[in-house]
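Q: Dropping the structure in here first, questions after.
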């Protein structure tokens, strides 16, 4: 009876049980719908990307850099394959353990592996992070043998530079190395990735974006072990454009051989268009080393070498031009009417100005000296007196016409301006007035005057062509991977000096006498079949007596200089040579210039084929090629008169 009553009561109030149940069901479904909205609508794109990333892998395919060629299309720099070790972040659960394993297996520096990993953190998890470059084929084989233990480890191939002439023209061509963190943050490198190689100096840096090309890549679907299931998308890399340079590698190598172990620079330039035909900075270095980790002993040897092999002396070396500068002083004197070809000065070995005394390089003097003889024998007294009459500002004004004291815009990093002093400059720089005693040293290219080798060759080329200052340039053409010419580079005129042709001819006659007349200081640059004109120079590093100077260390010895052009009647080519701490310009620098010019004119001679061989055993012989130029001028001079 009691049970029946309870049943009647429960049936009378059914809502007391269904309402809470319904509320619970609605709540659960609401939560499910909210979660679905969260996953499928609000964060749909994020989870879709995460899903894709969990099964996709992107492998970049680096583009090959364009080649560098000389003016005759001889390959100077091309590419070779290089292997790198990379990690796929999304496929490695314990990165530290993996780095330990790789260090042990491959003998790699654990600290360096960790540093590379940290630098690349924050990138897409499916993008490979390069942790080691330039690994050997043996190390590649070890990775492949241990593939099951190295899930998420990839071997990638990147092209690096191969230098066909080893260390030749290293300062001009430059080198590539791994991109730095600073460069990665630079907008100019926004499309680059960690581990990429970029040009660091020389042509490689100046033309980086033309040479680099456009990277490609492959998007792969992989399984849980990282095995490739299929290729989803693939884009081919675009090879970088190649450059045809203005230099002639045969001449370049001859100029480098002429220096031997001596330090300095030489630049050879076409006087009619500004093309640089050879570009030497000695000693040189091995550019291939910079693509990897340079051995410590090699790096230390570069840093400790007093000849500074890493410095691009042709562009950044600033030297007193010495007596090579006298052609500028002579032109300034002629243009202002202070001298003519007949004007003479008596040289007794010294020049007195107030209480000061300035010595000529010839202690006994030159006697009566006119313009031609002043250049031929490099009489200092003639130019001391002319400099005093000109004043430093008129002398500087002539320099400005030649674009001296400023960069010529050759297009490579590190080009220096040199220095052409003025009264205003000294007051601003030192807070002191220019005094009369400052001018005589400047008139002979000493004192405050500084020039770079590229400026020296531009100066003598402008004298040779009688007034046109060309911008020195290094690239003739840009071509694509198929050899199609994309761009030709025309000569660019920087300035017209505005000096009369008659005055140029008078100075050129003096420069001809330097090399060819008896008593000329540049006789060591003579060629038997080509008339050469030039000017020697010797610039002091420290002002000391000769006896003491001979006992001093290498770095205190004088610099030897020589500038020249040829042929005299119809100039084609100019050369400037600076031998650091070499001594007299006539004895040291002039022979080097003579060897360079000898090779250039030998290369211009037509190749004469041999007669057809008459014997069968000679049938496979090839026609004779042009023989390399001898190491010494064709007519060596037994005794060379020292300049200054």
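Numbering (this note's numbering), first residue to last: 196 to 839. Ideal Cβ positions, reconstructed from N, Cα and C, are used throughout, including at glycine.
#1: Given 8 Å as the limit, is there contact between the stretch 445-452 and the stretch 339-354, that is, 3 or more CB pairs closer than that?
#2: Check residue 179 in the structure and name its three-state DSSP category.
#3: Can you name the start and end residues of the alpha helix (DSSP H) that residue 307 belongs to?
#4: Per the DSSP calculation, residue 542 is bridged to which residue(s)?
#5: What does a CB cutoff of less than 7 Å around residue 306 pick up in its chain, not counting 5 residues either side in sequence?
#6: Where are the beta strand (DSSP E) runs, 3 residues long or more, that stay fully inside the stretch 760-807, in chain order?
#7: State yes or no: is the C-beta of residue 432 within less than 8 Å of the C-beta of residue 411?
#8: Would you mind giving the Cβ-Cβ distance between residue 438 and residue 254, rounded to the nearest angstrom? I have them listed as a contact below 8 Å.
#9: Straight-line CA distance for residue 402 to residue 461?
#10: Please classify residue 359: does DSSP put it in a helix, a strand, or coil?
#11: Taking the alpha-carbon positions, what's the residue 554 to residue 274 distance?
#12: Using a Cβ-Cβ cut-off of 6 Å (strictly less than) and excluding sequence neighbours within five positions of residue 780, which residues of its own chain qualify?
#13: Using DSSP bridges, identify the partner residues of residue 734.
#14: Taking the alpha-carbon positions, what's the residue 266 to residue 477 distance?
#15: How do the stretch 534-552 and the stretch 563-582 stand: do at least 3 beta-carbon pairs fall below 8 Å, yes or no?
#16: List the whole-angstrom C-beta distance separating residue 720 from residue 714, where the pair is believed to meet the contact cut-off of C-beta under 8 Å.
#17: Report the CB separation of residue 406 from residue 415 in whole angstroms; it is logged as a contact under 8 Å.
#18: Classify residue 213 as buried or exposed, calling it buried when 16 or more other Cβ atoms lie within 10 Å of its own Cβ.
#19: Report the rounded CA-to-CA distance for residue 840 versus residue 658, giving the unit in angstroms.
#20: Which class does residue 554 belong to by DSSP, given the choice of helix, strand or coil?
#21: What number of angstroms, rounded off, separates the C-alpha of residue 717 from the C-alpha of residue 782?
#22: DSSP beta-bridge partners for residue 688?
#23: Counting only the same chain and skipping the five closest in sequence on each side, list residues whose C-beta sits under 7 Å from that of residue 644.
#24: Smallest Cα separation from residue 162: which of 669, 704 and 413?
#25: Candidates 518, 577, 523 and 570: which alpha carbon is nearest residue 543's?
#26: Write down the C-beta distance between residue 446 and residue 473 rounded to the nearest angstrom, noting that I regard them as a contact closer than 8 Å.
#27: Counting only the same chain and skipping the five closest in sequence on each side, list residues whose C-beta sits under 7 Å from that of residue 300.
#28: Does the beta-carbon distance from residue 599 to residue 672 come in below 8 Å?
#29: Do you know offhand how far residue 588's Cα is from residue 654's?
#30: Note down, in chain order, each residue of its chain lying with its Cβ closer than 6 Å to the Cβ of residue 751, except the 5 sequence neighbours on either side.
#31: Indicate whether residue 522 and residue 667 have their beta-carbon atoms separated by less than 8 Å.
#32: Roughly how many whole angstroms lie between the Cα atoms of residue 354 and residue 257?
#33: What do you get for residue 380, buried or exposed, if any count of 16 or more other CB atoms within 10 angstroms of its CB means buried?
#34: Using three-state DSSP, classify residue 322 as helix, strand or coil.
#35: In the structure shown, what three-state DSSP assignment does residue 351 receive?
#36: Residue 518: buried (16+ other C-beta within 10 angstroms of its C-beta) or exposed?
A: On the basis of the supplied data:
#1: Touching, no.
#2: Given that the chain is displayed from residue 196 to residue 839, the structure contains no residue 179 and the question cannot be resolved.
#3: Translated into the one-based positions of the chain shown, residue 307 becomes position 112. In the DSSP assignment, residue 307 falls within the unbroken alpha helix (DSSP H) covering 305-314.
#4: In the chain shown, counting from the first residue as 1, residue 542 sits at position 347. Its beta-bridge partners are 562.
#5: What you label residue 306 is simply residue 111 of the chain shown in a count that begins at 1. Closer than 7 Å at Cβ, skipping near neighbours: no residue.
#6: Those beta strand (DSSP E) runs which fall completely within the stretch 760-807 and span 3+ residues are 768-774.
#7: One-based indexing of the chain shown puts residue 432 at position 237. One-based indexing of the chain shown puts residue 411 at position 216. Yes, they are a contact pair.
#8: Working through the chain shown from its first residue, we reach residue 438 at position 243. Working through the chain shown from its first residue, we reach residue 254 at position 59. Contact check for residue 438 and residue 254: beta-carbon distance about 29 Å, past the 8 Å limit, so the pair fails to qualify.
#9: One-based indexing of the chain shown puts residue 402 at position 207. One-based indexing of the chain shown puts residue 461 at position 266. The straight-line gap from Cα to Cα measures roughly 23 Å.
#10: The residue labelled residue 359 in the question sits at position 164 within the chain shown. Residue 359: coil per DSSP, three-state reduction.
#11: By 1-based counting over the chain shown, the position of residue 554 is 359. By 1-based counting over the chain shown, the position of residue 274 is 79. Cα-Cα distance, rounded: 56 Å.
#12: Taking the chain shown and counting its residues from 1, one reaches residue 780 at position 585. Result list for residue 780: 731, 732, 733, 755, 756, 757 and 838, in chain order.
#13: For the purposes of this step, residue 734 is taken as the residue at position 539 of the chain shown. The partner list for residue 734 (beta bridge, DSSP) reads 754.
#14: Position 71 of the chain shown holds residue 266. Position 282 of the chain shown holds residue 477. Straight-line Cα distance between these residues: approximately 22 Å.
#15: yes
#16: Numbered from 1 along the chain shown, position 525 holds the residue referred to as residue 720. Numbered from 1 along the chain shown, position 519 holds the residue referred to as residue 714. Not quite, the Cβ-Cβ distance comes to about 15 Å (not below 8 Å), so this is no contact.
#17: For the purposes of this step, residue 406 is taken as the residue at position 211 of the chain shown. For the purposes of this step, residue 415 is taken as the residue at position 220 of the chain shown. At roughly 29 Å, the Cβ-Cβ gap does not stay under 8 Å, so residue 406 and residue 415 are not in contact.
#18: Numbered from 1 along the chain shown, position 18 holds the residue referred to as residue 213. Exposed is the call here.
#19: There is no way to answer for residue 840, as the model of the chain reaches only from 196 to 839.
#20: Within the chain shown, the letter at position 359 stands for residue 554. The answer is strand: DSSP assigns residue 554 an E or B state.
#21: In the chain shown, counting from the first residue as 1, residue 717 sits at position 522. In the chain shown, counting from the first residue as 1, residue 782 sits at position 587. C-alpha separation (whole angstroms): 8 Å.
#22: One-based indexing of the chain shown puts residue 688 at position 493. The partner list for residue 688 (beta bridge, DSSP) reads 665.
#23: On the chain shown, position 449 is the one that residue 644 refers to. Once the five neighbours on either side are set aside, the close Cβ partners of residue 644 are 515, 516, 520, 614, 615, 616 and 637.
#24: Nothing can be reported for residue 162, as the shown portion of the chain is limited to 196 through 839.
#25: Within the chain shown, the letter at position 348 stands for residue 543. Of all alpha-carbon atoms in 518, 577, 523 and 570, the one lying nearest the alpha-carbon of residue 543 is that of 577.
#26: The residue given as residue 446 occupies position 251 in the chain shown. The residue given as residue 473 occupies position 278 in the chain shown. Right, their Cβ atoms sit about 5 Å apart.
#27: If you number the chain shown from 1, residue 300 lands on position 105. Excluding positions up to five away in sequence, the list reads 337 and 341.
#28: Within the chain shown, numbered from 1, the residue matching residue 599 stands at position 404. Within the chain shown, numbered from 1, the residue matching residue 672 stands at position 477. Contact flag unset, no.
#29: For the purposes of this step, residue 588 is identified with residue 393 of the chain shown, where counting begins at 1. For the purposes of this step, residue 654 is identified with residue 459 of the chain shown, where counting begins at 1. Computed Cα separation, rounded: 19 Å.
#30: By 1-based counting over the chain shown, the position of residue 751 is 556. Result list for residue 751: 736 and 737, in chain order.
#31: Position 327 of the chain shown, counted from the start, is the residue given in the question as residue 522. Position 472 of the chain shown, counted from the start, is the residue given in the question as residue 667. For residue 522 and residue 667, no; Cβs fall outside 8 Å.
#32: On the chain shown, residue 354 is found 159 positions in, with the first residue counted as 1. On the chain shown, residue 257 is found 62 positions in, with the first residue counted as 1. Rounded to the nearest angstrom, the two C-alpha atoms are 7 Å apart.
#33: In the chain shown, the residue the question calls residue 380 occupies position 185. Flag for residue 380 reads exposed.
#34: As a first step, residue 322 must be located in the chain shown, where it is residue number 127. In the structure shown, residue 322 sits in coil (DSSP, three-state: anything other than H, G, I, E or B).
#35: For the purposes of this step, residue 351 is identified with residue 156 of the chain shown, where counting begins at 1. If DSSP states are grouped into helix, strand and coil, residue 351 belongs with the strands.
#36: Along the chain shown, one-based indexing puts residue 518 at 323. That one is buried.
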